[in-house]
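Below is one structure; the comments refer to it alone.
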Amino acid sequence: MTAQTLQRPPAPDADAAARIRPRRRFTGRGLLHAYTWLIIAWLALPILVMIAFGFNDTPGRYNTSWVGFTFKWYAPDQLFLYPDLTDALILSLVIAIVASLVSGALGTGIGYALGRYRFRGAGSFNLLMFAAISSPELIMGASLLSLFVSLGTGVGPVTIAIAHIMFSISFVAVVVRSRVMVLDRSIEEAAADLGASPWTTFWKVTFPIILPAVMSGVLLAFALSIDDFIVTFFTAGTYETFPIWIWGATRVGIPPQVNVMGTLIFAVGVLGAIIANVRSRSGQRTR
5 MTAQTLQRPP APDADAAARI RPRRRFTGRG LLHAYTWLII AWLALPILVM IAFGFNDTPG
65 RYNTSWVGFT FKWYAPDQLF LYPDLTDALI LSLVIAIVAS LVSGALGTGI GYALGRYRFR
125 GAGSFNLLMF AAISSPELIM GASLLSLFVS LGTGVGPVTI AIAHIMFSIS FVAVVVRSRV
185 MVLDRSIEEA AADLGASPWT TFWKVTFPII LPAVMSGVLL AFALSIDDFI VTFFTAGTYE
245 TFPIWIWGAT RVGIPPQVNV MGTLIFAVGV LGAIIANVRS RSGQRTR
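Using the numbering used here, the first residue of the sequence shown is number 5, and each one after it goes up by one.
Right, here's the structure in full:
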């Protein structure tokens with residue numbers, strides 16, 4: 005056998021392959037990126053319109069056409085020009101804070117139990133939890149109103165908070181449960197081997213790990229509470245929250261103060277999401 009027959013066949017042209025394959029990958033990646041940014045733009049368009057019309061120099065309450073640019077609606081004397089709108093916003097914020105904290109505490113315990121332990125009735129509990137998430141708000145609002153009326157309880161801020169806590173617990177529990185299910189048990193076992201009690205292990209080891217999921221659940225509960233209209237409408241009685249006030253104002257015109265308040269609420273939510281994301285990444289780097 006000669007040396008020429010032992011030689012390997014010539015390798016394909018690497019430059020030609022590099023010129024061909026990246027073109028196909030770039031085309032697919034480019035289409036995926038374009039599609040993703042198109043969806044993001046579609047979702048962000050109403051928010052951008054809300055923010056833009058918060059700077060509209062409209063002469064009255066009909067803030068539907070662009071007139072000019074101004075910062076005057078952000079001044080305190082103009083922002084709180086309508087006392088009933090201010091009271092509705094304060095009521096919504098108080099209820100949202102209470103509902104998010106209570107549902108965060110209860111949902112964290114439920115999510116931890118469902119993600120960590122196997123017990124009788126866990127499947128039924130999961131079914132009930134997802135049924136509360138998928139249930140139409142119209143049915144939930146009517147059911148809660150019937151419950152409060154049958155108990156002889158007057159509807160108001162307390163019943164609104166109870167209703168918001170009831171439908172927010174499931175969302176928090178689902179988020180926490182998904183994080184607990186992928187939790188590395190060896191970390192907790194190491195803490196137990198070093199002499200830590202179960203309570204100390206939970207607060208010193210487990211809870212800091214699942215804290216980003218807890219924060220995400222609390223923020224989700226806050227957003228659901230402050231944005232809810234249907235369940236709140238059934239359980240509010242004569243009280244007005246921020247969404248109910250906006251619904252009533254559509255007949256006479258929505259003032260630009262609504263856009264400014266919505267922009268500020270959106271900014272606070274984005275800031276909270278950024279803080280939770282930074283804490284999550286710092287925790288991952290630390291681990």
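Positions of the beta carbon are idealized from the N, C-alpha and C atoms, including for glycine.
My assumption, with CB atoms under 8 Å, is that residue i sits in contact with residue j. Please give the rounded CB distance.
i    : j    : result
A177 : M133 : 6 Å
V180 : A217 : 5 Å
W249 : L110 : Their Cβ separation, rounded to whole angstroms, is 29 Å, which puts W249 and L110 out of contact at 8 Å.
V222 : G125 : The Cβ separation is near 26 Å, so there is no contact.
Give a yes or no on whether the C-beta atoms belonging to residue i and residue j are separated by under 8 Å.
i    : j    : result
L83  : V264 : yes
M144 : V209 : no
T163 : T254 : no
T40  : D61  : no
F246 : L93  : yes
G58  : T267 : yes
P4   : L228 : Only positions 5 to 291 of the chain appear in the structure, and residue 4 is not among them; the question remains open.
A100 : F226 : yes
S174 : I137 : yes
V184 : Y116 : yes
W77  : P260 : yes
E192 : T204 : no
Who pairs with residue i in a beta bridge, going by DSSP?
i   : result
N60 : F73
So the candidates are the options; which of them puts its Cα closest to the Cα of residue i?
i    : options                   : result
W251 : T74, L268, D232 and L223  : D232
S104 : I166, G34, L131 and R120  : I166
V186 : G72, G119, A79 and G160   : G119
S172 : S139, I269 and L85        : S139
N281 : E244, K76, I214 and I269  : I214
V106 : P202, H168 and G64        : H168
G64  : G158, H37 and V262        : V262
L224 : S150, G276 and L49        : G276
T68  : R285, G257, E193 and S201 : G257
R283 : W207, L155, A194 and P212 : P212
V102 : A48, D91, L42 and M170    : M170
G241 : I278, L149, P202 and Y66  : L149
D91  : E244, R285, L142 and A195 : E244
Item to complete: Pick out the complete alpha helix (DSSP H) segments inside the region 95-145, 4 residues or longer, and give them in chain order.
Response: 126-138
Fill in: In chain order, each alpha helix (DSSP H) run of at least 4 residues that lies wholly inside the region 141-214
141-154, 161-185, 189-197 and 202-205
Practice prompt. Could you name each continuous alpha helix (DSSP H) segment of 4 residues or more that falls completely within the region 228-265, going from the start of the chain to the end?
Written response: 234-239 and 246-253
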